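Accompanying notes for the structure given below.
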Amino acid sequence: MSEDIKPWYKQFWPWFLIGLLLSSITFSLVYLTLSIRYYDGSVGGDYYERGLAINEQLAKQEHALELGLEARLRVDNRTGDVVVDLEGPRQPEQLHLALIFPTDSDFDRELTLQHVREGRYVTTLDEPLRHRWYLQLQPVAGEEAEWRLTGEASFPSDDEAALEPGL
Numbered sequence: 017m018s019e020d021i022k023p024w025y026k027q028f029w030p031w032f033l034i035g036l037l038l039s040s041i042t043f044s045l046v047y048l049t050l051s052i053r054y055y056d057g058s059v060g061g062d063y064y065e066r067g068l069a070i071n072e073q074l075a076k077q078e079h080a081l082e083l084g085l086e087a088r089l090r091v092d093n094r095t096g097d098v099v100v101d102l103e104g105p106r107q108p109e110q111l112h113l114a115l116i117f118p119t120d121s122d123f124d125r126e127l128t129l130q131h132v133r134e135g136r137y138v139t140t141l142d143e144p145l146r147h148r149w150y151l152q153l154q155p156v157a158g159e160e161a162e163w164r165l166t167g168e169a170s171f172p173s174d175d176e177a178a179l180e181p182g183l
């Protein structure tokens, strides 16, 4: 009684092992392509300076707390008007408002608000805001940005967003 032995290419296990190797090569090439295409950079050479800047920002927020500064932000999505009411002893001629998008820095916006009367500052947006944003308010850099208020808001909204010394 003689058994018919199938040639290797008609058996299951060699093809199973070849399939594992080919799938591993395919996934490796896909991940390599994605990592090259969506490279987000490595740690910059100035990471130490950035770390020191965090302490400076915390000092600005602490100074705002000492001054008793608070602000309320309203955005009218129909007209694009941005209104900030600042309460406290320091009321510079211009304020810098940074709108920081949590997941993509390409959407970040920088606005300069003009003082119109007794703690009220206004500017206009070029397009409406959507989704959640982090907010940072401070005097324009030329006027010694010695304090900073922070907050968070979701748009569109008819509610006011509170900006406080976020410690």
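Numbering (the numbering used here), first residue to last: 17 to 183.
By construction, the Cβ of each residue, glycine as well, lies at the ideal position given by its N, Cα and C atoms.
Treat the numbers as computed from the prediction; the structure is a model and nothing was measured.
Spatial distance of residue i from residue j (CA atoms)
i    : j    : result
Q77  : T128 : 19 Å
S40  : Q27  : 21 Å
Y150 : E180 : 12 Å
V91  : R106 : 23 Å
D168 : E176 : The sequence as given places Glu at residue 168; Asp does not occur at that position. Using only the alpha carbons, I get a separation of about 10 Å.
E65  : D122 : 23 Å
A87  : R136 : 10 Å
T42  : Y25  : 22 Å
A178 : L37  : 57 Å
P108 : Q73  : 19 Å
L141 : G67  : 32 Å
Same chain only: Cβ atoms within 6 Å of residue i, ignoring 5 sequence neighbours per side
i    : result
G104 : L83, G84, L85
V156 : Q110, H112
Residue burial classification, residue i (beta-carbon count within 10 angstroms, cutoff 16)
i    : result
A80  : buried
V46  : exposed
Y54  : exposed
V138 : exposed
W29  : exposed
R191 : As shown, the chain starts at 17 and ends at 183. That puts residue 191 outside it, with no answer to give.
Own chain residues within Cβ distance below 7 Å of residue i, not counting five before or after
i    : result
G35  : none
L182 : It should be noted that the sequence gives Gly, not Leu, for residue 182. Only Q77, T166 meet the Cβ criterion.
Close Cβ partners of residue i (< 8 Å) along its chain, the five nearest in sequence each way excluded
i    : result
L113 : L89, V98, V100, E126, L127, T128, L129, T139, L151, Q152, L153
Residue-level contact to chain B via CB, residue i, 7 Å cutoff
i   : result
I21 : Absent from the structure is chain B; it holds one protein chain and no more.
**Report entry** Within the region 35-89, ranges of the alpha helix (DSSP H) (whole runs, at least 4 residues)
**Finding:** 63-83
**Report entry** Runs of beta strand (DSSP E) wholly within the region 99-178 (minimum 3 residues, chain order)
**Finding:** Runs found: 110-116, 125-133, 136-140, 147-155, 165-171.
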